[in-house]
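Residue numbers (my numbering), protein chains in the order written: chain P, 1 to 246; chain C, 1 to 246.
Virtual Cβ for every residue (Gly too), placed ideally from N, Cα, C.
Number of protein chains: 2
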Amino acid sequence: MAVEPNRDVEAHVRRLWRHRGTTVPTPRRGPRQQLDLDEILRTGIAIADAEGLAAVSTRSIAARFDKSSMVIYPYVGTKENLLALMQDHASAMPSWDDPVTSLADALHAWAEALFEVYLSHPWLTERPWSQASQGPNEQDWLERLLRVLDTWAVPPSARPPAVTMLYATVRATAGTAAAYERMNQQGMAEWRERAEATMALIPDFRQRYPMTTGLEPVTARWKDAPRAGLAGAVHLLAVALSSAGP
Amino acid sequence: MAVEPNRDVEAHVRRLWRHRGTTVPTPRRGPRQQLDLDEILRTGIAIADAEGLAAVSTRSIAARFDKSSMVIYPYVGTKENLLALMQDHASAMPSWDDPVTSLADALHAWAEALFEVYLSHPWLTERPWSQASQGPNEQDWLERLLRVLDTWAVPPSARPPAVTMLYATVRATAGTAAAYERMNQQGMAEWRERAEATMALIPDFRQRYPMTTGLEPVTARWKDAPRAGLAGAVHLLAVALSSAGP
DNA sequence: CCATAGTCCTTGCAGTGTATAGTGTTTTTA
DNA sequence: TAAAAACACTATACACTGCAAGGACTATGG
């Protein structure tokens, strides 16, 4: 039997699924709403894209509508809910055809598509992700991935770990790609400086960390390193899943 | 030639490596310091462990020493630096013997050890990680992993993707494990409630997302699910790395 | 028709990081 | 040895945050 249906939670879920069969909270009595939830989310996302997630505040969003911060609350409930709604809203899944050539190709297509979304909205990497939660758009991604694994007869026991690895890897590589992107326009000076300072202060760094030192320097072709890393990782995973057998 | 050695960056690096050959800033003229950087970091970590990273503030730390917030700054520079120092300080690598039985076992030992560290300090998952940065303790982990890959003759081209996947997977699984842990003491009520609300509001959820629905429910044996997921993932990866051949 | 539930808006509070200025202490330099 | 510079500490202040509380207004349901 259902626990007393905590109104806030229900309202949040309604808002999350507002384009998939639910309507936002309920019979609206008061004055007509002057704002629109989708529009609020769009401007929140725009701010996050341009100035980072930290620049998203109830005030900064409301300011774009020449209103004060509290107008936002009737539309989203709390700041945390607002961020969750932005997260799902920004995660709309594009459409593509699953490659039928190999599992590796199909996984690659999925991963690349998700990578692209994360690149468009780098702040998504700062948001938590858990398999069980979230809204319809994030749900779409998971379902699609599971369908691919099913199509290629990946044994059920291997699916949860595969899902975890894929999501984790996409998020990680997208995160570093976004960090590189930011350096591009901000200077990369500090990054380099820190590395130099470390080398200067720890003269035997190369002896202490020979393996790390032996890695190809990140600076070389750094721009597409994350994407290449992702491709390599997906390839590895596909190999493992294929050889796991049915 | 070195750019003018930005004093703040250099000081931060010195602090990071203070136990590995550098000394904290240096010619100190003024009055003796009454606090100790390691002690500051310990209390910051204690607060983060107990109340979450959000509860860590210059004021909350200083209060434990009956001082006001600004005392912290001579020791750490900025809040961001403080967090970075806490991050490295909390990442001390334990010692263990590399299994010689198989690559899979060796990787598993590494991953489990790191997982354990993240479980002890769940807030570490909220901190960014990038291969090129950080302090000595985090460096140790990377070096150790690379040594394992080298020992087992994993081809150099496969190493960066493997590193990325391993770190990403450990962080992701540790993050969900920590989330479960939190639910334990906080109720898990909200989580369940949200799931129920979604099912109630989207009656055809199971038709729309058959694959997701088909997954074993997370609630069953949820406590060790993340650890098991990590083990499975590492196993998959080891299979791929082995069959990649030299 | 009126109570109610909703939006909109202002005010205010507790909390954040940190700039600044002042005071006292220690070490370095002249 | 005296002066000066660099530091630790303290208190105050500023700009910023999320949001509770409450007032004014408005559309709706009983």
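Got a sec: is the Cβ-Cβ distance from residue i to anything in chain C below 9 Å?
i, result
"residue 57 of chain P", "no"
"residue 193 of chain P", "yes"
"residue 247 of chain P", "This structure cannot settle anything about residue 247 of chain P, because the visible part of chain P is limited to 1 through 246."
"residue 120 of chain P", "no"
"residue 72 of chain P", "no"
"residue 13 of chain P", "yes"
"residue 31 of chain P", "no"
"residue 211 of chain P", "yes"
"residue 48 of chain P", "no"
"residue 51 of chain P", "no"
"residue 272 of chain P", "The question about residue 272 of chain P has no answer here: the residues shown for chain P are numbered 1 through 246."
"residue 208 of chain P", "yes"
"residue 227 of chain P", "no"
Please classify residue i as buried or exposed, where buried requires at least 16 neighbouring CB atoms within 10 angstroms.
i, result
"residue 7 of chain P", "exposed"
"residue 88 of chain C", "buried"
"residue 134 of chain C", "buried"
"residue 151 of chain P", "exposed"
"residue 121 of chain C", "buried"
"residue 116 of chain C", "exposed"
"residue 19 of chain C", "exposed"
"residue 199 of chain C", "exposed"
"residue 23 of chain C", "exposed"
"residue 176 of chain P", "buried"
"residue 86 of chain P", "buried"
"residue 70 of chain P", "exposed"
"residue 210 of chain P", "exposed"
"residue 78 of chain C", "exposed"
"residue 206 of chain C", "exposed"
"residue 138 of chain C", "buried"
"residue 1 of chain P", "Interpretation of residue 1 of chain P is limited by its pLDDT of 34, a score under 50 that renders its predicted location unreliable; the figure taken from the coordinates is listed afterwards. Result: exposed."
"residue 74 of chain P", "exposed"
"residue 182 of chain P", "exposed"
"residue 10 of chain C", "buried"
"residue 136 of chain P", "buried"
"residue 229 of chain P", "buried"
"residue 17 of chain P", "buried"
Identify whether residue i lies in helix, strand or coil by the three-state DSSP scheme.
i, result
"residue 256 of chain P", "Here chain P covers residues 1 to 246 and nothing more, so residue 256 of chain P does not appear."
"residue 87 of chain C", "helix"
"residue 30 of chain P", "coil"
"residue 222 of chain C", "helix"
"residue 61 of chain C", "helix"
"residue 19 of chain P", "coil"
"residue 38 of chain P", "helix"
"residue 52 of chain P", "coil"
"residue 204 of chain C", "coil"
"residue 2 of chain P", "Because the pLDDT at residue 2 of chain P is just 38, under 50, the model does not fix this residue reliably, and the point stays unresolved."
"residue 230 of chain C", "helix"
"residue 236 of chain C", "helix"
"residue 241 of chain P", "helix"
"residue 7 of chain C", "helix"
Under 9 Å, Cβ to Cβ, is there at least one residue of chain P near residue i?
i, result
"residue 232 of chain C", "yes"
"residue 20 of chain C", "yes"
"residue 161 of chain C", "yes"
"residue 137 of chain C", "no"
"residue 165 of chain C", "yes"
"residue 143 of chain C", "yes"
"residue 110 of chain C", "no"
"residue 117 of chain C", "no"
"residue 10 of chain C", "yes"
"residue 88 of chain C", "no"
"residue 204 of chain C", "yes"
"residue 157 of chain C", "yes"
"residue 224 of chain C", "no"
"residue 197 of chain C", "yes"
"residue 6 of chain C", "yes"
"residue 152 of chain C", "no"
At a threshold of 8 Å, does residue i count as lining the ligand MG (C-beta to nearest heavy atom)?
i, result
"residue 228 of chain P", "Among the ligands in the structure shown, none appear at all, so the ligand MG cannot be discussed."
Checklist entry - Quick one: complete alpha helix (DSSP H) runs, 4+ long, within the stretch 130–188 of chain C? => result 136–151, 159–186
Item to check | Complete runs of the alpha helix (DSSP H) confined to the stretch 65–132 of chain C [at least 4 residues] | outcome: 73–76, 79–89, 103–120
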